[in-house]
Amino acid sequence: MPTLILVLLFIICFPSFAAVGDRVSSQTLLINNVRVQLYQGDAYLYFSPVGNDWSTPDCPGTKFAYIKESEAGANSILSVALTAKMANTPVKFTGICGDISGSLGYMRITDISM
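Right, here's the structure in full:
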C-alpha cells in the first residue's frame, strides 16, 4: 500500500517537475513591473505582467521573466521591455522554465518580441 501511494504521488507531481529546464513561451501581455535586483554580486532584471502571471502553458505559475544583466543581449531586452511598457504595448517572452535553483514561477529570458 505505501508503494502504491508513492507511485501515485510521483505521477501526480511529475508534470510540474518536467517543466523546469524546458524552453517555453509566454502569452503576449503588458508589462506591469520592471525590477532590478542585486544578488551575489550580479544584477538581475525581472519583468512581471499585468495579472501577475505570464500564462506560460508549459511552466505553470510564471510570475517573473528574468535575465542576468551581464548576459549578452540583456541591455537590448531591457530597452525593448521599457519601450513596450511606456507605449503600453504587450510583449511575449521566450526562455527557459525555472530559476537558477530550478524553482517554478520564473522564466529565464532568451528573447522578447513586441
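The sequence shown maps to residues -18 to -1, 1 to 96 in mature numbering (1 follows the signal peptide of the UniProt record, and there is no 0). No residue lacks a Cβ here, since even glycine has one placed at the ideal position from N, Cα and C. Note that the structure is predicted; figures quoted are calculated from it, not measured.
How close, in whole Å, do the beta carbons of residue i and residue j come, if the pair is a contact with beta carbons under 8 Å?
| i | j | result |
| --- | --- | --- |
| SER7 | THR38 | 7 Å |
Identify every residue that forms a DSSP beta bridge with residue i.
| i | result |
| --- | --- |
| ALA47 | PHE29, MET89 |
| GLY77 | VAL6, ILE91 |
For the alpha helix (DSSP H) that contains residue i, what are its first and last residues?
| i | result |
| --- | --- |
| SER58 | 56 to 68 |
Exposed or buried, which one is residue i when buried takes at least 16 other CB atoms within 10 Å?
| i | result |
| --- | --- |
| residue 117 | The structure shown does not extend to residue 117, since the chain spans only -18 to 96, so no value can be given for it. |
| MET89 | buried |
| ALA54 | exposed |
| THR71 | exposed |
Just tell me which of the options has its CA closest to the CA of residue i.
| i | options | result |
| --- | --- | --- |
| LEU27 | ALA56, VAL73, ASP40, LYS45 | ALA56 |
| ILE91 | ALA25, PHE29, ASP24 | PHE29 |
| GLY33 | PHE46, GLN22, ASP24, CYS41 | PHE46 |
Output the boundary residues of the beta strand (DSSP E) element that contains residue i.
| i | result |
| --- | --- |
| LEU20 | 13 to 21 |
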